[in-house]
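*Asks:* Position 63, counted from 1, in the sequence shown is what the numbering used here calls 63; the numbers after and before it change by one each time, with no gaps. We put the CB at the ideal spot given by N, CA and C, even for glycine.
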Amino acid sequence: MTKIGKFQTALHWVFPSRCVACGTLVESDFGLCSACWAQTSFLGGTLCDYCGVPVLGEETNDTVSCDDCHTIQRPWLMGRSALAYEGVARKLVLALKHGDRQDIAKPAARWMANAAVPLTSNGALVVPVPMHWSRLLKRRYNQASLLGHHMARLLDLPFCPDALIRPRVAGSTEGLTTVERFQKLEGAIEPHKKRGTRMAGRRVILVDDVMTSGATLSSAAQACVAAGANEVCVITLARVAKDAQIPDKCGNIRKCVMTTVEIYTSPLCGFCHAAKRLLTQKGVEFSEVDVLADPNRKPEMIQRANGGRTVPQIFVGDIHVGGCDDLYALDRAGKLDALLGA
Ligand SMILES: [Zn+2]
Ligand SMILES: [Zn+2]
1 MTKIGKFQTA LHWVFPSRCV ACGTLVESDF GLCSACWAQT SFLGGTLCDY CGVPVLGEET
61 NDTVSCDDCH TIQRPWLMGR SALAYEGVAR KLVLALKHGD RQDIAKPAAR WMANAAVPLT
121 SNGALVVPVP MHWSRLLKRR YNQASLLGHH MARLLDLPFC PDALIRPRVA GSTEGLTTVE
181 RFQKLEGAIE PHKKRGTRMA GRRVILVDDV MTSGATLSSA AQACVAAGAN EVCVITLARV
241 AKDAQIPDKC GNIRKCVMTT VEIYTSPLCG FCHAAKRLLT QKGVEFSEVD VLADPNRKPE
301 MIQRANGGRT VPQIFVGDIH VGGCDDLYAL DRAGKLDALL GA
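1) Cβ of A84 within 7 Å of any heavy atom in ligand 1?
2) Does DSSP put P128 in a helix, a strand or coil?
3) Which residues in the same chain as T178 place their Cβ atom closer than 6 Å to its Cβ, once the five residues preceding and following it in sequence are excluded?
4) For a quick check, are the C-beta atoms of A82 and L43 less than 8 Å apart?
5) Quick one: any contact between the stretch 31-45 and the stretch 217-233, if contact means 3 or more CB pairs under 8 Å?
6) Ignore the nearest five residues each way along the sequence and tell me which others in G123's own chain have a CB closer than 8 Å to its CB.
7) Would you grab the beta carbon distance between A200 and R168 for me? Rounded to a whole angstrom, and I think it's under 8 Å.
8) Please report the distance separating the alpha-carbon of V20 from that of R153.
9) Go through its chain and collect everything with a Cβ distance to G334's Cβ below 6 Å, but skip five positions before and after it.
10) Identify whether G196 lies in helix, strand or coil by the three-state DSSP scheme.
11) Is P295 helix, strand or coil when you go by DSSP?
12) So what's A82 in DSSP terms, helix, strand or just coil?
13) Is DSSP giving F286 helix, strand or coil here?
14) Evaluate contact between the stretch 262-281 and the stretch 317-330, counting only Cβ atoms and requiring at least three cross-stretch pairs below 8 Å.
15) Between which two residues does the alpha helix (DSSP H) harbouring T280 extend?
16) Determine the extent of the beta strand (DSSP E) in which R262 is found, giving its start and end residues.
17) Report all residues for which the CB-ligand distance to some heavy atom of ligand 2 is below 6 Å; order them along the chain.
18) With a Cβ-Cβ cutoff of 8 Å, do V129 and V207 count as a contact?
19) Can you tell me which of M131, E190 and L77 puts its alpha carbon nearest to the alpha carbon of C48?
20) Which two residues bound the contiguous beta strand (DSSP E) that contains L206?
21) According to DSSP, is R239 part of a helix, a strand, or is it coil?
22) Distance, Cα to Cα, L278 vs L330?
23) Counting Cβ pairs, one atom from each stretch, are 3 or more of them under 8 Å apart for the stretch 88-108 and the stretch 139-152?
24) Considering G322, what are the terminal residues of the beta strand (DSSP E) in which it resides?
25) Report buried or exposed for S65, applying the criterion of at least 16 other Cβ atoms within 10 angstroms of its Cβ.
26) Which stretch, first to last residue, makes up the alpha helix (DSSP H) that contains Q102?
27) Kindly indicate which residue of K282, K184, T120 and P299 has the alpha-carbon position closest to the one of A338.
28) With a CB to CB cut of under 6 Å and the five nearest residues on each side skipped, what residues in its chain are close to A215?
29) What span of residues does the alpha helix (DSSP H) with V225 cover, start to end?
30) Buried or exposed, going by whether 16 or more other CB atoms sit within 10 Å of the CB of W111?
31) With DSSP as the reference, please indicate the residues paired to P191 in a beta bridge.
32) If you draw a straight line from the alpha carbon of S34 to that of P161, how long is it in whole angstroms?
33) Inspect the beta-carbon positions of Y85 and A241 and report whether they are closer than 8 Å.
34) Under 8 Å, do A108 and L155 count as touching if we go by C-beta distance?
35) Using CA coordinates, which residue listed in N61, T60, G79 and V53 is at the minimum distance from D67?
36) For the alpha helix (DSSP H) that V179 lies in, which residues bound it at each end?
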């Protein structure tokens, strides 16, 4: 065994690898235990050329697009995504974004590097979707930049973390329709005056953690083109793919399961029970995060709830409903069913 090999074995002994999703000890450095791996939808098969979501049908030489990318024109050449945003993937994206779990970036970037192979070309520049500096100050890191940094290394491509900037505070896009999101984000991202010139005359591979409507990526792609990029491709860790047909590990096709209702709770809290009771009455399936049992997810809750520290905190899709009173108020106003049905 080489010296490095011995050192790695020793290191593995002192710091054994753990599954990034559940913390179980694992043999390899792949990142996930077998149980979590089975609950993670890696995207493959015939894929939409613009976002990487699986599309039913045979592989052809023509351009393939999913319904979303057919309706919304994408200002980029090709796009891929490593995972469908559901189950374990959703948990990982949230933990990386809000839970200070920077350790997720490395294995996640490996999955992205695999998915991004068709997008690579000699000298393509890897550029992350930027964050406004005030948000960066609060979160301490830009998850897109972390992913881009590791992915670029694996693909042996140049990386420029600040080729793009976000000069204004964007504000939340929660609860906005797709059209409103696009309007709000138009022109929100610009090339950096100096570093932006690195994009001129070459292919740019834009990196983000998650693609929902694609409005942020569109704004970023337009900024790359404005800076003279020849071609723009996009790669994300996860794609929100409502109703997408996902082939499972045995090749069976099933519908992408979107956990649309999430509730952060504590077992001793009466308000939490009351909120869950209402959701159950409505026949809504929800995923529950017990912040007492899993205190690591409390910071994630506080961030998502814009500083709200009390339980419960309820989310329907990307929309922050609030606490128990807010949920009941929404119901009394007759708006809850519409929200749940969206
Ligand atoms: Zn696991
Ligand atoms: Zn698509």
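*Replies:* Working from what's here:
1) As a working note, residue 84 is residue 84 in the sequence shown. No.
2) The residue you call residue 128 lines up with position 128 of the sequence shown. Reduced to three states, the DSSP call for P128 is strand.
3) Walking along the sequence shown from the start, residue 178 turns up at place 178. Cβ neighbours of T178 beyond the five flanking positions: S213.
4) For the purposes of this step, residue 82 is taken as the residue at position 82 of the sequence shown. For the purposes of this step, residue 43 is taken as the residue at position 43 of the sequence shown. Going by C-beta atoms, A82 is nearer than 8 Å to L43.
5) As far as the Cβ criterion goes, the stretch 31-45 does not touch the stretch 217-233, which means the pair count is below three.
6) As a first step, residue 123 must be located in the sequence shown, where it is residue number 123. The residues are L157, P158, R202 and R203.
7) Translated into the one-based positions of the sequence shown, residue 200 becomes position 200. Translated into the one-based positions of the sequence shown, residue 168 becomes position 168. So it is not a contact: roughly 24 Å between Cβ atoms.
8) Taking the first residue of the sequence shown as 1, we reach residue 20 at position 20. Taking the first residue of the sequence shown as 1, we reach residue 153 at position 153. The alpha-carbon separation between V20 and R153 amounts to approximately 20 Å.
9) Taking the sequence shown and counting its residues from 1, one reaches residue 334 at position 334. Closer than 6 Å at the Cβ level, and outside the excluded window around G334, lies no residue.
10) The residue labelled residue 196 in the question sits at position 196 within the sequence shown. Per DSSP, reduced to three states, the secondary structure at G196 is helical.
11) Your numbering for residue 295 matches position 295 in the sequence shown. In the three-state DSSP reduction, P295 falls in the helix class (H, G or I).
12) Position 82 of the sequence shown, counted from the start, is the residue given in the question as residue 82. Three-state result, A82: strand.
13) Looking up residue 286 in the sequence shown gives position 286. Three-state DSSP puts F286 in coil, outside helix and strand.
14) Result yes; three or more Cβ-Cβ pairs closer than 8 Å.
15) Locating residue 280 in the sequence shown gives position 280, counting from the first residue. Where T280 is concerned, the enclosing alpha helix (DSSP H) stretches over G270 to Q281.
16) Within the sequence shown, residue 262 is the residue found at index 262, counting from 1. According to the sequence shown, residue 262 is Glu rather than Arg. Where E262 is concerned, the enclosing beta strand (DSSP E) stretches over V261 to T265.
17) Answer in sequence order: C48, Y50, C51, V53, S65, C66, D68 and C69.
18) Within the sequence shown, residue 129 is the residue found at index 129, counting from 1. Within the sequence shown, residue 207 is the residue found at index 207, counting from 1. For V129 and V207, yes; Cβs fall inside 8 Å.
19) Position 48 of the sequence shown, counted from the first residue, corresponds to residue 48. Per the Cα distances, L77.
20) As a first step, residue 206 must be located in the sequence shown, where it is residue number 206. Looking at the DSSP string, the run of the beta strand (DSSP E) that includes L206 is R203 to M211.
21) Sequence index remark: in the sequence shown, residue 239 carries index 239 (1-based). Looking at R239 - three-state DSSP - the assignment turns out to be strand.
22) Mapped onto the sequence shown, residue 278 falls at position 278. Mapped onto the sequence shown, residue 330 falls at position 330. Rounded to the nearest angstrom, the gap between the Cα atoms of L278 and L330 is 11 Å.
23) Note that the stretch 88-108 touches the stretch 139-152; at least 3 beta-carbon pairs, one per stretch, sit closer than 8 Å.
24) Reading the sequence shown from its first residue, position 322 is the one you call residue 322. Per DSSP, the unbroken beta strand (DSSP E) holding G322 starts and ends at I319 to G322.
25) Residue mapping note: residue 65 aligns to position 65 of the sequence shown, counting from 1. With a threshold of 16 other beta carbon atoms within 10 Å, S65 meets it and is buried.
26) As a position in the sequence shown, residue 102 is number 102, starting the count at 1. No alpha helix (DSSP H) contains Q102, which DSSP labels as neither H nor E.
27) Counting from 1 along the sequence shown, the entry for residue 338 is found at position 338. It is K282.
28) Your numbering for residue 215 matches position 215 in the sequence shown. Cβ neighbours of A215 beyond the five flanking positions: R181, F182 and L185.
29) Here residue 225 refers to the residue found at position 225 of the sequence shown. Looking at the DSSP string, the run of the alpha helix (DSSP H) that includes V225 is A215 to A226.
30) One-based indexing of the sequence shown puts residue 111 at position 111. By the 10 Å Cβ count, W111 comes out buried.
31) Indexing the sequence shown from 1 puts residue 191 at position 191. Looking at the DSSP output, P191 bridges to L164.
32) Here residue 34 refers to the residue found at position 34 when the sequence shown is read from its first residue. Here residue 161 refers to the residue found at position 161 when the sequence shown is read from its first residue. When rounded, the distance between both Cα atoms is 33 Å.
33) As a first step, residue 85 is located in the sequence shown; it is residue number 85 there, counting from the start. As a first step, residue 241 is located in the sequence shown; it is residue number 241 there, counting from the start. Yes, Cβ-Cβ distance for Y85 and A241 is below 8 Å.
34) Here residue 108 is taken as the residue at index 108 of the sequence shown, counted from 1. Here residue 155 is taken as the residue at index 155 of the sequence shown, counted from 1. No, these two residues do not count as a Cβ contact at 8 Å.
35) Looking up residue 67 in the sequence shown gives position 67. Comparing Cα-Cα distances from D67 to each of N61, T60, G79 and V53, the minimum goes to V53.
36) For this step, residue 179 is matched to residue 179 along the sequence shown. T178 to L185 is the span of the alpha helix (DSSP H), which, as asked, contains V179.
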